[in-house]
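Residue numbers (my numbering): 2 to 259. Beta carbons: idealized from backbone N, C-alpha and C, even for Gly. Remember, it's a predicted structure, so these values are computed and weren't measured experimentally. Beneath this line is the structure, given in structure tokens, with notes to follow.
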């Protein structure tokens with residue numbers, strides 16, 4: 002299927018590895034010009050090398066996406082993006098009563114503010130060009146809150162709210178905005194969580210992983226490729242009538258009806 006994305010341009014923050022990288026790769030295979038971002042120059046250069054070896058057009062900006070200069074740098078390299086995949090690392094789990102004002106502010110900046118300001122920057126141009134695809138990578142914890150991940154849940158819930166309101170306002174300009182909610186996708190973050198659980202349970206990594214996967218509806222974690230294929234479709238011409246949605250990619254694990 003031709004997704005109608007050849008020569009489109011995509012900005013993808015936090016894309017040197019994990020979900021962001023997988024989304025970039027999936028879009029690049031559809032002919033999209035990719036603008037990457039990350040905080041590790043070594044990881045970014047390796048990712049760029051992998052992409053260019055396969056003939057993909059790619060560039061990058063080093064820096065934290067929470068920093069205004071990083072966002073400006075991406076927009077200087079790609080002033081007219083057709084696609085924005087908002088992605089940011091989640092804050093670590095913790096105890097609600099231990100979190101400080103600074104912890105909440107940092108989570109807000111990372112998981113709400115940077116994505117919202119990016120949308121503010123790119124939507125006017127998308128309106129002029131009569132095409133825009135915005136996908137926010139958030140978290141399953143928005144639909145199924147867990148107090149241990151309260152920092153992520155609270156900040157990302159705000160992003161869902163502003164995105165829904167915006168989606169209604171921009172739909173007439175052929176701009177879609179959707180949220181994709183991953184759960185238990187096999188990434189470095191999940192590896193870290195399993196390592197933490199193995200220490201708490203005093204079992205091996207493989208035993209902790211097996212225990213976790215047995216609790217999942219699908220009996221396994223999802224792959225980054227499975228996740229990225231959903232994001233890629235949402236950026237396509239075929240998905241032009243899908244907007245304002247919260248799409249879970251969790252192997253049916255959510256108990257939420259909506």
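- Following the DSSP letters along the chain, one finds residue 250 inside the beta strand (DSSP E) bounded by residues 247 to 250.
- In the three-state reduction of the DSSP assignment, residue 225 falls in the helix class.
- Approximately 11 Å separates the beta-carbon atoms of residue 87 and residue 38; this is outside 8 Å, ruling out the contact.
- In this structure the stretch 79 to 94 lies against the stretch 138 to 157, because at least three pairs of beta carbons, one per stretch, are closer than 8 Å.
- Pairing residue 242 with residue 133, the inter-Cα distance amounts to about 12 Å.
- Short of 7 Å from the beta carbon of residue 48, and not among the five residues preceding or following it, lie these beta carbons of its own chain, in chain order: 17, 22, 37.
- In this chain, residue 60 is not harboured by any alpha helix (DSSP H); it is covered by the beta strand (DSSP E) spanning 59 to 63.
- Rounded to the nearest angstrom, the gap between the Cα atoms of residue 226 and residue 124 is 28 Å.
- In its chain, beyond the 5 residues on either side, 81, 83 have a beta carbon closer than 8 Å to the beta carbon of residue 130.
- The three-state reading of DSSP puts residue 15 in coil, since its state is none of H, G, I, E or B.
- Assigned with DSSP and collapsed to three states, residue 258 falls in coil, not helix or strand.
- Under DSSP, residue 136 forms a beta bridge with 86, 179.
- Judged by beta-carbon spacing, residue 62 lies beyond the 8 Å limit of residue 53, meaning their Cβ atoms are not closer than that value.
- For residue 195, the enclosing alpha helix (DSSP H) covers residues 189 to 202.
- The beta carbon of residue 251 sits closer than 6 Å to the beta carbons of 141, 184 from its chain, once the five residues preceding and following it are set aside; these are given in chain order.
- Look at residue 163 here: in three-state DSSP terms it is helix.
- As DSSP reads the structure, residue 6 sits in no beta bridge.
- DSSP lists 63 as the beta-bridge partner residues of residue 39.
- In the structure shown, the three-state DSSP call for residue 186 is strand.
- For the 8 Å CB-CB criterion, residue 213 and residue 195 form a contact.
- Contact annotation, residue 34 with residue 8: C-beta distance approximately 7 Å; criterion of less than 8 Å satisfied.
- With respect to the C-alpha of residue 181, the residue from 76, 204, 229, 200 having the closest C-alpha is 229.
- The Cβ-Cβ distance between residue 248 and residue 179 falls below 8 Å.
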